[in-house]
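Everything on this sheet refers to the single structure shown next.
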Amino acid sequence: MSRHRSLPRPVIPGREQIQALTRSARHPLWWLPDPAAQQDEAYRRVWQNLRTLECVEDGRHDEARWRHLPGDFAMCCVRAPSSCFTSDLGDLRAALESFPFVRLHPDSSLHIPILELGIVRDEPSERDEISRNRLGEFITQAQRPLVDFPRFPVFLGPVNSFADAVFLDVHDGGWLSRIHRRLIDFGPVPPSTKFPYLPHLTLGHYDRAAPIGNLPAVLAEWRDLPIGEFLIEHVDVVTVDTNAAFPPFQVVHEFALGTTRATGTFPTRPDPLGD
Numbered sequence: 000m001s002r003h004r005s006l007p008r009p010v011i012p013g014r015e016q017i018q019a020l021t022r023s024a025r026h027p028l029w030w031l032p033d034p035a036a037q038q039d040e041a042y043r044r045v046w047q048n049l050r051t052l053e054c055v056e057d058g059r060h061d062e063a064r065w066r067h068l069p070g071d072f073a074m075c076c077v078r079a080p081s082s083c084f085t086s087d088l089g090d091l092r093a094a095l096e097s098f099p100f101v102r103l104h105p106d107s108s109l110h111i112p113i114l115e116l117g118i119v120r121d122e123p124s125e126r127d128e129i130s131r132n133r134l135g136e137f138i139t140q141a142q143r144p145l146v147d148f149p150r151f152p153v154f155l156g157p158v159n160s161f162a163d164a165v166f167l168d169v170h171d172g173g174w175l176s177r178i179h180r181r182l183i184d185f186g187p188v189p190p191s192t193k194f195p196y197l198p199h200l201t202l203g204h205y206d207r208a209a210p211i212g213n214l215p216a217v218l219a220e221w222r223d224l225p226i227g228e229f230l231i232e233h234v235d236v237v238t239v240d241t242n243a244a245f246p247p248f249q250v251v252h253e254f255a256l257g258t259t260r261a262t263g264t265f266p267t268r269p270d271p272l273g274d
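Each step along the sequence shown adds one to the number in numbering that gives the first Met the number 0, with nothing skipped, and position 15 is 14.
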């Protein structure tokens, strides 16, 4: 047998492999890596870190400096309807109230943040400030990219906790992370690179540095429980009054999702032999 005949035959990709590669190639670059898998891993690490902490940290954002800001705070977010939660949320809140360092948020403040836009001022002078005209430009620029996203379900829970705040994991198939990445292209305030974006719904902040005690053990009772679910049909641009503790959200604009027949599924070519 000749040397050439002894060479192994080239491996030909199977039909399934080719189809998978084709599907991946049809998505834009911001689709990858898989944000849903990254989120699940991040939630796991946050929970593991909580179990190693000896103290919680003060996570309040509305301290004296916040109260003296010269304008309203603007952001993109998804507001969670109070009807989306299970009865377990009430039990969880009752358990959290037993800790003196927990400051719970009211239903009207429950939301999933997507992108901070800055403090709205007539004449911005700082990095984290934005004019009303620039806010309007952002809305105009983001309109078309956002309406191309489909409506999608989101599942809230289980409970989790950073060192300074208790929150619900957000399971959405990675859609909010994809929306976040698109909005960065138009955002007036460069995002902080200290922590990567992780969708979450904050239930409350810790209002002081304090020994953590048995907080992880108490939260573990809800660690395997879903707390809520709803269909995300729009992303909102809202402003909040920085002079109030838990002010109502003022909706500046709603980006309606799914208005271009987007479905969130892999696109397929039509059958040339079909009718």
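The beta carbon of each residue, even a glycine, is placed where N, CA and C say it ideally should be. Only a predicted model underlies this, so the values are computations on that prediction, with no experimental measurement involved.
Pairwise C-alpha distance: residue j and residue i
i	j	result
isoleucine 183	valine 237	17 Å
cysteine 54	glutamine 142	43 Å
arginine 44	glutamate 220	18 Å
aspartate 90	valine 217	11 Å
phenylalanine 148	isoleucine 178	8 Å
alanine 162	leucine 49	7 Å
arginine 181	aspartate 33	15 Å
proline 138	phenylalanine 72	Note that residue 138 is isoleucine in the sequence shown here, rather than proline. Between isoleucine 138 and phenylalanine 72, the C-alpha separation is close to 15 Å.
arginine 120	proline 152	35 Å
isoleucine 118	tryptophan 174	26 Å
glutamine 140	cysteine 76	17 Å
threonine 241	phenylalanine 98	26 Å
glutamate 40	threonine 51	17 Å
proline 123	phenylalanine 248	22 Å
aspartate 87	asparagine 132	43 Å
threonine 21	valine 251	For threonine 21, the predicted structure reports a pLDDT of 48, less than 50, and the residue's modelled location is therefore unreliable. A value from the coordinates is still provided. Taking the straight line joining both Cα atoms gives about 40 Å.
valine 234	glycine 58	25 Å
threonine 258	serine 82	25 Å
serine 277	proline 215	Residue 277 lies beyond the residue range present for the chain, which begins at 0 and ends at 274; the question has no answer from this structure.
isoleucine 113	methionine 74	8 Å
Collapsed DSSP secondary structure at residue i in the structure displayed
i	result
threonine 139	helix
aspartate 235	strand
proline 144	helix
arginine 150	coil
valine 188	coil
isoleucine 183	helix
cysteine 178	A small fix is needed here, since residue 178 is isoleucine in this sequence, not cysteine. Reduced to three states, the DSSP call for isoleucine 178 is helix.
glutamate 125	coil
leucine 256	coil
tyrosine 42	helix
serine 97	coil
leucine 109	coil
arginine 59	coil
asparagine 159	strand
serine 5	Its pLDDT being 44, under 50, serine 5 is placed unreliably by the model, and nothing is read from it.
glycine 89	helix
leucine 49	helix
leucine 224	coil
C-beta contact flag for residue i and residue j at 8 Å
i	j	result
valine 158	arginine 92	no
glutamine 256	arginine 126	The residue asked about is misnamed: residue 256 is leucine in this sequence, not glutamine. No, Cβ-Cβ distance for leucine 256 and arginine 126 is not below 8 Å.
leucine 155	glutamate 56	no
glycine 186	leucine 95	no
phenylalanine 245	proline 105	yes
valine 188	leucine 116	yes
serine 130	glutamine 38	no
phenylalanine 100	alanine 209	yes
arginine 102	aspartate 206	yes
leucine 291	phenylalanine 254	It is not possible to answer for residue 291, since the shown part of the chain is limited to 0 through 274.
glycine 172	alanine 35	yes
Any C-beta of chain C under 8 Å from that of residue i
i	result
leucine 167	Of the chains in the structure shown, none is chain C; there is only one protein chain.
Per DSSP, the bridge partner or partners of residue i
i	result
proline 210	Cys54
valine 251	Per DSSP, none; premise fails for valine 251.
isoleucine 118	Phe72, Glu128
arginine 78	His110
aspartate 168	His199
leucine 103	Gly203
phenylalanine 229	Val153
phenylalanine 194	Looking at the DSSP assignment, phenylalanine 194 forms no beta bridge with any residue, so it has no partner.
phenylalanine 84	Gly227
Hey, is the stretch 199-210 in contact with the stretch 166-178, meaning 3+ C-beta pairs nearer than 8 Å? Output reads yes: the stretch 166-178 touches the stretch 199-210.
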